[in-house]
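*Asks:* Residue numbers for the sequence shown follow the UniProt record's numbering, beginning at 1 and rising by one.
Backbone N, C-alpha and C fix where the C-beta goes; we use that ideal spot for every residue, glycine too.
This is the structure, below, for whatever I ask next.
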Amino acid sequence: MAPPAAGLSGLLLLWGLASLQLPAAILPTPWDVAGRLGSLLGEGALWADTAVTLRNVLLAFFLSLLGGVFLGLGVGRWPALGRALHPVVVVVEAAPHIAWLVLAVLWLGIGAGPPVLVGVSMALPLVYMATAHGLSQVDQGLLDMAHVYRLSRWTRVWYIFLPHLALTLTGAASSALSVAWRSVIMAEAFSSDAGLGQSLWGGYLYGAIDDVYATILWIVLLGLALEYLLIDPVRHRIERRLRHE
Numbered sequence: 001m002a003p004p005a006a007g008l009s010g011l012l013l014l015w016g017l018a019s020l021q022l023p024a025a026i027l028p029t030p031w032d033v034a035g036r037l038g039s040l041l042g043e044g045a046l047w048a049d050t051a052v053t054l055r056n057v058l059l060a061f062f063l064s065l066l067g068g069v070f071l072g073l074g075v076g077r078w079p080a081l082g083r084a085l086h087p088v089v090v091v092v093e094a095a096p097h098i099a100w101l102v103l104a105v106l107w108l109g110i111g112a113g114p115p116v117l118v119g120v121s122m123a124l125p126l127v128y129m130a131t132a133h134g135l136s137q138v139d140q141g142l143l144d145m146a147h148v149y150r151l152s153r154w155t156r157v158w159y160i161f162l163p164h165l166a167l168t169l170t171g172a173a174s175s176a177l178s179v180a181w182r183s184v185i186m187a188e189a190f191s192s193d194a195g196l197g198q199s200l201w202g203g204y205l206y207g208a209i210d211d212v213y214a215t216i217l218w219i220v221l222l223g224l225a226l227e228y229l230l231i232d233p234v235r236h237r238i239e240r241r242l243r244h245e
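Next up, the structure:
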């Protein structure tokens, strides 16, 4: 944990030095923001917004994971499907976040639907492409041997496909979670009546600069927690298991 801690310490140092040169209305000091964050957490409203955002992010993430893996496996089974899906993926990725947000509001109205849809539109292509790429790297000799020895489909999935997909999908899951996190919060600011995005945008509109920075700090801390407490342990566990095997 020493390198990540050193990086964060350097960032805090730069923030502190910059805040001494700028007005508090533009850049409050780290200790002022930390104090305001503590107050917001004590009041309870920030916890409710956090619960809403985590629900939206995790729902978007798991939908992206399931949909991306399903489509990737389909492409591995039917290569023509991959050629058919390629322009669709390009269209989805070419459209900016705000375009998907506008369409989501038109289709689903204000609420949890638009943030989840925007998160899925950004994260699912990452998982799909990682799955398709991982399957394309499977050694054809192993597949031929499995066919010769008439191994069951479950045996092939467990001993051939999953080891190839494990690390690829873990990396893709980390990227997908990060993208879903940012996309959902952005969408909440303009299409939801609850969540961290709405809280952040509301603080800006009312000129509560300390609240804005405190919410941003909380969002960053939660993002770090998701990466280092959820994704990173799973990645290391998979790596140890593969080395052991």
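#1: Quick check on this structure: which residue in 8, 31 and 191 has the alpha carbon closest to the alpha carbon of residue 53?
#2: Apart from the five residues on each side of it in sequence, which residues of its chain come closer than 7 Å, Cβ to Cβ, to residue 177?
#3: Out of 197, 198 and 126, point me to the one whose CA is closest to residue 65's CA.
#4: Around the C-beta of residue 199, are 16 or more other C-beta atoms found within 10 angstroms, so that it is buried, or is it exposed?
#5: With a threshold of 8 Å on Cβ separation, who are the neighbours of residue 228 within its own chain once the five nearest residues in sequence on each side are excluded?
#6: Among the residues of its own chain, which have a CB less than 8 Å from the CB of residue 89, if the five just before and after it don't count?
#7: Which same chain residues, not among the five before or five after residue 133, have their C-beta less than 7 Å away from its C-beta?
#8: From 31, 56, 234 and 38, pick the residue whose C-alpha is nearest to that of residue 186; which is it?
#9: Compare the Cα-Cα distances from residue 189 to each of 11, 201 and 181 and report the closest residue.
#10: Distance check for residue 51 and residue 73, CA to CA, integer angstroms please.
#11: From this set, 209, 215 and 179, which residue's C-alpha is nearest residue 195's C-alpha?
#12: Note the first and the last residue of the continuous alpha helix (DSSP H) segment covering residue 98.
#13: Give a yes or no on whether the C-beta atoms belonging to residue 116 and residue 205 are separated by under 7 Å.
#14: Can you round the beta-carbon distance between residue 113 and residue 123 to whole angstroms, since I take them to be within the 8 Å contact cut?
#15: Is residue 53 helix, strand or coil when you go by DSSP?
#16: Short check: CB of residue 118 to CB of residue 135, under 7 Å?
#17: Given this structure, state the Cα-to-Cα distance separating residue 203 from residue 31, to the nearest angstrom.
#18: Once you ignore the five residues that flank residue 20 on each side, which residues in its own chain have a CB closer than 6 Å to its CB?
#19: Terminal residues of the continuous alpha helix (DSSP H) containing residue 198?
#20: In chain order, what residues of the same chain lie with their CB nearer than 7 Å to the CB of residue 234, ignoring the 5 residues before and after it?
#21: Which whole-angstrom value describes the C-beta separation of residue 218 and residue 37, a residue pair presumed to lie in contact below a C-beta threshold of 8 Å?
#22: Rounded C-beta distance between residue 25 and residue 209? I'm assuming under 8 Å.
#23: To the nearest angstrom, how far is the alpha carbon of residue 173 from that of residue 17?
*Replies:* With the given structure in hand:
#1: Counted from its first residue, the sequence shown places residue 53 at position 53. For the residues 8, 31 and 191, the minimum Cα distance to residue 53 belongs to 191.
#2: By 1-based counting over the sequence shown, the position of residue 177 is 177. Correct list, in chain order: 61, 226 and 231.
#3: For the purposes of this step, residue 65 is identified with residue 65 of the sequence shown, where counting begins at 1. Here the closest residue by C-alpha is 126.
#4: The count along the sequence shown starts at 1 and reaches residue 199 at position 199. The residue is buried, with at least 16 neighbouring Cβ atoms inside 10 Å.
#5: By 1-based counting over the sequence shown, the position of residue 228 is 228. Close CB contacts of residue 228 within its chain, under the 8 Å cut and outside five residues either way in sequence, are with 4 (chain order).
#6: Along the sequence shown, one-based indexing puts residue 89 at 89. Excluding residues within five positions, the ones whose Cβ falls inside 8 Å are 125, 128 and 129.
#7: Taking the sequence shown and counting its residues from 1, the one referred to as residue 133 is at position 133. Cβ neighbours of residue 133 beyond the five flanking positions: 168.
#8: Here residue 186 corresponds to residue number 186 of the sequence shown, with the count starting at 1. Nearest of 31, 56, 234 and 38 to residue 186, Cα basis: 56.
#9: As a first step, residue 189 is located in the sequence shown; it is residue number 189 there, counting from the start. Looking at the Cα atoms, 201 is the closest of the given residues.
#10: As a position in the sequence shown, residue 73 is number 73, starting the count at 1. As a position in the sequence shown, residue 51 is number 51, starting the count at 1. Cα-Cα distance, rounded: 33 Å.
#11: For the purposes of this step, residue 195 is identified with residue 195 of the sequence shown, where counting begins at 1. Residue 215 is the option with its Cα nearest to residue 195.
#12: Taking the first residue of the sequence shown as position 1, residue 98 is located at position 98. Run containing residue 98: 97 to 108, per the alpha helix (DSSP H) assignment.
#13: For the purposes of this step, residue 116 is taken as residue 116 along the sequence shown, with counting starting at 1. For the purposes of this step, residue 205 is taken as residue 205 along the sequence shown, with counting starting at 1. No. Outside cutoff.
#14: For the purposes of this step, residue 113 is identified with residue 113 of the sequence shown, where counting begins at 1. For the purposes of this step, residue 123 is identified with residue 123 of the sequence shown, where counting begins at 1. 16 Å between Cβ atoms; not a contact.
#15: Within the sequence shown, residue 53 is the residue found at index 53, counting from 1. It is helical.
#16: Taking the first residue of the sequence shown as 1, we reach residue 118 at position 118. Taking the first residue of the sequence shown as 1, we reach residue 135 at position 135. Not a contact, by the Cβ cut-off of 7 Å.
#17: As a first step, residue 203 must be located in the sequence shown, where it is residue number 203. As a first step, residue 31 must be located in the sequence shown, where it is residue number 31. Near 19 Å, if we compare the C-alpha coordinates of residue 31 and residue 203.
#18: Counting from one through the sequence shown, the residue named residue 20 turns up at place 20. Around residue 20: no qualifying Cβ.
#19: As a position in the sequence shown, residue 198 is number 198, starting the count at 1. Element bounds for residue 198: 196 to 205.
#20: The residue you call residue 234 lines up with position 234 of the sequence shown. Once the five neighbours on either side are set aside, the close Cβ partners of residue 234 are 170.
#21: Taking the sequence shown and counting its residues from 1, one reaches residue 218 at position 218. Taking the sequence shown and counting its residues from 1, one reaches residue 37 at position 37. Correct: roughly 6 Å between the Cβ atoms.
#22: To locate residue 25, count along the sequence shown from 1; it is residue 25. To locate residue 209, count along the sequence shown from 1; it is residue 209. Right, their Cβ atoms sit about 6 Å apart.
#23: Against the sequence shown, residue 173 aligns to sequence position 173. Against the sequence shown, residue 17 aligns to sequence position 17. Roughly 36 Å separates the two Cα atoms.
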